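A.B. asks: Here the numbering used here is used: the first residue of the sequence shown is 86, the next is one more, and so on.
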Amino acid sequence: MEQDVNKNSARVFLCGILAAALLLVTIFFEPQAIFSNTAIYSDDYAMHFLQCLTVKKYLTLFHSCWAYDPFFLAGLPNGTLGNADNKAWEIFYTVMAPLLGEGLGFKAYVLLFFLLYPLFLYNAMRNFGFPRTTGLTAAALGILFFHLSLCINMVAWGMISYVFVCYFSLYVLSVFWRLLESPSWWRGLQLAGCFSIMVMMHILAVVHLFIPMLILYLHAARRLRLGAQVMLFAALCTGIVVNSFWLVPVIEFIHDKTTRPENYEFTLQIKNVLEPLKVYVLQRRSTDHCAPILNNTFFETVLLLFGGAGLYRWRTERRRAFLRAFAAGSLFIFAVAYYGSHTAFFSPLQPERYTIPLSLLLLVPASFAFFHAVRILLRTFSRRALLFGSALVFVVIFQPIIRPFGIFYKYKLYRLQTETPQEIKTLISMLRETTTRDGRILIEDSESVGKQREAFYGGHFPAIFPEFLKREYLCGPRPLYPVKHSYASFTNGVLFERDIASYSRAELEEMFALFNVKWIVSWSDRAQEFFSRFPDYITQMGTVDKFTLYIVNRNPSFFIKGSGIISSDYNRIELREVTPEDGEIVISYHWMKKLRAVPSGTIERVFLGGDPVGFIKVKNPPKDFAIINTY
Numbered sequence: 086m087e088q089d090v091n092k093n094s095a096r097v098f099l100c101g102i103l104a105a106a107l108l109l110v111t112i113f114f115e116p117q118a119i120f121s122n123t124a125i126y127s128d129d130y131a132m133h134f135l136q137c138l139t140v141k142k143y144l145t146l147f148h149s150c151w152a153y154d155p156f157f158l159a160g161l162p163n164g165t166l167g168n169a170d171n172k173a174w175e176i177f178y179t180v181m182a183p184l185l186g187e188g189l190g191f192k193a194y195v196l197l198f199f200l201l202y203p204l205f206l207y208n209a210m211r212n213f214g215f216p217r218t219t220g221l222t223a224a225a226l227g228i229l230f231f232h233l234s235l236c237i238n239m240v241a242w243g244m245i246s247y248v249f250v251c252y253f254s255l256y257v258l259s260v261f262w263r264l265l266e267s268p269s270w271w272r273g274l275q276l277a278g279c280f281s282i283m284v285m286m287h288i289l290a291v292v293h294l295f296i297p298m299l300i301l302y303l304h305a306a307r308r309l310r311l312g313a314q315v316m317l318f319a320a321l322c323t324g325i326v327v328n329s330f331w332l333v334p335v336i337e338f339i340h341d342k343t344t345r346p347e348n349y350e351f352t353l354q355i356k357n358v359l360e361p362l363k364v365y366v367l368q369r370r371s372t373d374h375c376a377p378i379l380n381n382t383f384f385e386t387v388l389l390l391f392g393g394a395g396l397y398r399w400r401t402e403r404r405r406a407f408l409r410a411f412a413a414g415s416l417f418i419f420a421v422a423y424y425g426s427h428t429a430f431f432s433p434l435q436p437e438r439y440t441i442p443l444s445l446l447l448l449v450p451a452s453f454a455f456f457h458a459v460r461i462l463l464r465t466f467s468r469r470a471l472l473f474g475s476a477l478v479f480v481v482i483f484q485p486i487i488r489p490f491g492i493f494y495k496y497k498l499y500r501l502q503t504e505t506p507q508e509i510k511t512l513i514s515m516l517r518e519t520t521t522r523d524g525r526i527l528i529e530d531s532e533s534v535g536k537q538r539e540a541f542y543g544g545h546f547p548a549i550f551p552e553f554l555k556r557e558y559l560c561g562p563r564p565l566y567p568v569k570h571s572y573a574s575f576t577n578g579v580l581f582e583r584d585i586a587s588y589s590r591a592e593l594e595e596m597f598a599l600f601n602v603k604w605i606v607s608w609s610d611r612a613q614e615f616f617s618r619f620p621d622y623i624t625q626m627g628t629v630d631k632f633t634l635y636i637v638n639r640n641p642s643f644f645i646k647g648s649g650i651i652s653s654d655y656n657r658i659e660l661r662e663v664t665p666e667d668g669e670i671v672i673s674y675h676w677m678k679k680l681r682a683v684p685s686g687t688i689e690r691v692f693l694g695g696d697p698v699g700f701i702k703v704k705n706p707p708k709d710f711a712i713i714n715t716y
C-alpha cells in the first residue's frame, strides 16, 4: 500500500494548484477585463460569440439550435454544420447570459475552463485508483503542459472548446473505468451525463477515447454482469438522445458540407514525415505557431519519456488493462497527429490538434512514474545531493519551462481582445449611414495564413456585423466556411470562388445582380485596384483605415425574376405586392429543402451563376405571402 497524503493536506495542495491556474488567467486577460461584461473578439472568438448570440435567439424563438439565416451568404441553415463543435458553449451561454450579461456570459465559459481543467486531471487519477499524490502531480503537470504546448495557442485562437474537451475526456474515461470496475446505477448515470456533455462540447472527443474505451471494455467484458452491460448501453444511448437536437440537423444537411483543401490546409497540418524526430529529439515544431523563442517541445518530450516509464512500470506491476488501453490509445493518436495530414479522411480534421490528447493520454502514466521517481530520489539521496540536484534541474528547465512564463507577461503574446477596435466601430457607423436593407453588402473577408494576419484587427469581426447592424452580408460567419453556401463570399481577393482579376465587367454585373450586391467593403490592394477600373459602375464612398467602401451603381432588387417587396429575418422571408413573370418568381436567396410558402405557392430550386446551392423559385405565388422554415 503506497503512503499517501491525508485528505486535508491534499485539499490544501489542490487549492494551491487551482490558485496558480487561476492566477495564470492573467496571461490571457487584463485583470480588469476578467469579470467585465465584454465578450472576447480575438480570432475565432468573434465567430463563436455570434454563434452563441444567434443560437440563444433560435432556442428562445423557435426552440431549435438552428435556423434559416438570411443575413449571411444569401441565406443558409445556420447552426447546423459550421458550429457542430461548440454546442455546449452555446447552451451554457443561453443559460448564463440573462444572469451575467451578454459579454460576461460568453466569457464565463472560458473562465470555467481555467477553473476546472486541473480538477479534471486530479479526479481522473483518483477514479483510476491512484493515490492523491499522483492526482496532485497530474494536476500540476497538466497546468505546465497547457502553457508549454499547442494548448495555449489554440485557446488564443478561439479553439478553446477542443482544449476543454481534451482535458474533460480524460475524466470521462476515468468515469467509464470506474463503472467497469465497480458498477452501480449512480456511476451509470454519471457516465451518461459526462458522455453527453463531452459529445456536446466537441464531437472529436470520440476519436480520443474510442481505442482506450474499447480496450478497457474488452478487458472487463467477461466479468461484467448484465446490469452493467445495460448501463453502458444506456449511457451511449443517452449521449445520442441528448445530443440529437444538433446531431439530427447535422445529418440532414451533411450534403452541404465541403471538404476543399483551402478550407483546412491553411493550419494544423503536419506534412513532414520526420516531424516526430523534430518534436521529440530536436524539440521544435516545423511550424512556429507564435514567437520562435516559444517554439520548443521540451515538456512534451518529458511527458513522452515519463509516460513510457509509467507504461513500463504498469507492465511490471501487471496492470494490463491500463497498459494496453493507454499504449494503444497513444499509438493511435500519435499516428493520427503526425501522419493524418497524409490521408483524405483525417486531413480535414486538422491532425496537429491531436498532439494535445496524445500528450494528455501520456500524462496519466507520466504522473504515475514522475511521482515514483521523485519519491525514490527523496529516499535515496542526502539533503546536499538533493540541493545540488535541484539546482541542476533548475538550470536545465529554466529556458524551456520557466522563461516562457516571463515572455508571456512581458510581450502579452496571448492577451485576448475584449473591446471592439475603434476602426470597426467607425466602419459600422459609416455602413449605418450609407446603406439600407434594399441590397447586400459584399465584405472582403480574410483569414490568417502563415505570416499574414486577419485584416479585421486580429478577429473575425464580420461574423458579428449583423449584430452591430441589421443588414444582409455576403460573408461569414467566418472566411472559408466549410459549406457550399460559401460560394457567395469574397475572401482575400477571391470572389465567388474566382480570382477577382479574372472577371470582365459583364460577368461582374451579372453576379452582382444575381446576389443583389449594392455596397462593397474591400481591404486588399488587388481588389481595390480591380474596382478602380470601373469608376462609373463602382464608386468609392469613403475609407476607414485600410478599408474602402464602395457603392455599386445599380438598382437593388432581391428579385431575379418577377418583382415585389421583400423583407427578411430568421426563418422568414416576407414578400409583398408580388408580380410574377410567366407564373413564377426567383429570388436572391439560397434554397433550402425545409422552406415552405404560406399560404400558397410551390417552392422549387433553380441553379444560376454557378452557385452550387441554388436559389428559391416560387411557382404560382400569391400577391402577399411568406417563405418560412418548417423544420
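C-beta atoms are modelled at their ideal positions from N, C-alpha and C, and glycine is treated no differently. What you are looking at is a predicted structure, and each value in this text was computed from that prediction instead of being measured.
By Cβ distance below 8 Å, which residues in the same chain neighbour Met86 in space, the five residues on each side in sequence not counted?
C.D. replies: Its pLDDT being 45, under 50, Met86 is placed unreliably in this model, and the value from its coordinates should be taken loosely. Taken in chain order, the list of residues that qualify is empty.
A.B. asks: How about Ser531 and Pro562: are their beta carbons less than 9 Å apart?
C.D. replies: No, they are not a contact pair.
A.B. asks: In whole angstroms, what is the alpha-carbon distance linking Asn577 and Ile528?
C.D. replies: Taking the straight line joining both Cα atoms gives about 10 Å.
A.B. asks: Could you check what DSSP says for Phe213 in three-state terms: helix, strand or coil?
C.D. replies: In the structure shown, Phe213 sits in coil (DSSP, three-state: anything other than H, G, I, E or B).
A.B. asks: Looking only at C-alpha atoms, which of Phe249, Ala241, Thr165 and Cys375 sits nearest to Tyr194?
C.D. replies: Cα-wise, what sits closest to Tyr194 is Phe249.
A.B. asks: Going by the DSSP bridge assignment, what does Arg611 pair with across the sheet?
C.D. replies: Paired residues: none, contrary to the question.
A.B. asks: Could you work out which residue in Leu445, Leu317 and Cys251 is closest to Ser269 when comparing CA atoms only?
C.D. replies: Residue Leu317 is the option with its Cα nearest to Ser269.
A.B. asks: Alpha carbon to alpha carbon, how far is Glu385 from Ser444?
C.D. replies: Straight-line Cα distance between these residues: approximately 7 Å.
A.B. asks: By DSSP, does Glu532 sit in helix, in strand, or in coil?
C.D. replies: Correct three-state label for Glu532: coil.
A.B. asks: Going residue by residue through the stretch 619-647, where are the continuous beta strand (DSSP E) segments of at least 3 residues, counting only ones entirely within it?
C.D. replies: Listed in chain order, they are 623-629, 632-637 and 644-646.
A.B. asks: My output table needs one value for Gly561: the three-state DSSP class, helix, strand or coil.
C.D. replies: If DSSP states are grouped into helix, strand and coil, Gly561 belongs with coil.
A.B. asks: Unbroken alpha helix (DSSP H) runs of length 4 or more, entirely within the stretch 388-457: which are they?
C.D. replies: For the stretch 388-457, whole alpha helix (DSSP H) runs of length 4 or above, ordered along the chain, are 405-424.
A.B. asks: With H, G and I counted as helix, E and B as strand and the rest as coil, what does DSSP make of Leu233?
C.D. replies: Residue state, collapsed to three classes: coil.
A.B. asks: Are the CB atoms of Leu501 and Phe114 within a distance shorter than 9 Å?
C.D. replies: Contact flag set, yes.
A.B. asks: Count the CB pairs spanning the stretch 663-677 and the stretch 606-623 that are closer than 8 Å, and state whether there are at least three.
C.D. replies: Result no; under three Cβ-Cβ pairs closer than 8 Å.
A.B. asks: Inspect the beta-carbon positions of Leu206 and Gly227 and report whether they are closer than 9 Å.
C.D. replies: Yes, the pair counts as a contact, with Cβ atoms nearer than the cut-off.
A.B. asks: Does the stretch 465-475 come into contact with the stretch 206-218, if we say contact requires no fewer than three beta-carbon pairs (one atom in each stretch) closer than 8 Å?
C.D. replies: Contact between the stretch 465-475 and the stretch 206-218 is absent, because fewer than three Cβ pairs lie under 8 Å.
A.B. asks: Can you find the residues in the same chain that come closer than 8 Å, C-beta to C-beta, to Ala106, ignoring five residues on each side of it along the sequence?
C.D. replies: Phe199, Leu200, Tyr202, Pro203 and Ile228.
A.B. asks: Return the first residue and the last residue of the beta strand (DSSP E) that His675 is part of.
C.D. replies: Residues Glu669 to His675.
A.B. asks: In this structure, does DSSP put Met86 in helix, strand or coil?
C.D. replies: Bear in mind that the predicted position of Met86 carries a pLDDT of just 45, short of 50, making it too unreliable to give a figure here.
A.B. asks: Of the residues Leu389, Phe541 and Thr624, which one's Cα is nearest the Cα of Lys510?
C.D. replies: Here the closest residue by C-alpha is Phe541.
A.B. asks: Counting pairs of Cβ atoms below 8 Å between the stretch 431-441 and the stretch 223-243, do you hit three or more?
C.D. replies: They touch, by the three-pair rule.
A.B. asks: Leaving aside the five residues before and after Ala410 along the sequence, list all residues of the same chain whose C-beta is less than 6 Å from its C-beta, in chain order.
C.D. replies: Closer than 6 Å at Cβ, skipping near neighbours: Pro297, Ile300 and Leu301.
A.B. asks: Output yes or no for whether 9 Å exceeds the beta carbon distance between Phe455 and Thr222.
C.D. replies: Result yes, Cβ atoms of Phe455 and Thr222 sit closer than 9 Å.
A.B. asks: Does the beta-carbon distance from Val637 to Val602 come in below 9 Å?
C.D. replies: For Val637 and Val602, yes; Cβs fall inside 9 Å.
A.B. asks: Please list the terminal residues of the continuous alpha helix (DSSP H) segment that includes Asn93.
C.D. replies: That run of the alpha helix (DSSP H) goes Lys92 to Leu108.
A.B. asks: Taking just the CA atoms, how far does Gly686 sit from Lys708?
C.D. replies: Each residue's alpha carbon lies about 10 Å from the other.
A.B. asks: By a C-beta neighbour count over all protein chains shown, 10 Å radius and 16 as the cutoff for buried, is Thr218 buried or exposed?
C.D. replies: Buried, by the Cβ-count rule.
A.B. asks: Assuming contact is defined by CB atoms lying nearer than 9 Å, are Arg525 and Tyr558 in contact in what I supplied?
C.D. replies: Contact flag set, yes.
A.B. asks: Under 9 Å, do Phe598 and Ile645 count as touching if we go by C-beta distance?
C.D. replies: Per the sequence shown, the amino acid found at residue 598 is Ala instead of Phe. Yes; because the gap between Cβ atoms is below 9 Å, this pair is in contact.
A.B. asks: Scan the stretch 115-165 and note each continuous alpha helix (DSSP H) run of 4 residues or more that stays entirely inside, going in chain order.
C.D. replies: Fully enclosed alpha helix (DSSP H) runs of 4 or longer: 130-147.
A.B. asks: Taking all protein chains shown into account, decide if Ile112 is buried (16 or more other Cβ within 10 angstroms of its Cβ) or exposed.
C.D. replies: Its Cβ being crowded by 16 or more others within 10 Å, Ile112 is buried.
A.B. asks: By a C-beta neighbour count over all protein chains shown, 10 Å radius and 16 as the cutoff for buried, is Lys142 buried or exposed?
C.D. replies: Result: exposed.
A.B. asks: In this structure, what does DSSP give as the bridge partners for Ser653?
C.D. replies: Note: Ser653 sits in a beta bridge opposite Ile658.
A.B. asks: CA-CA distance, Gln314 and Lys555?
C.D. replies: The straight-line gap from Cα to Cα measures roughly 53 Å.
A.B. asks: Once you ignore the five residues that flank Gly312 on each side, which residues in its own chain have a CB closer than 8 Å to its CB?
C.D. replies: Answer for Gly312: Pro268, listed in chain order.
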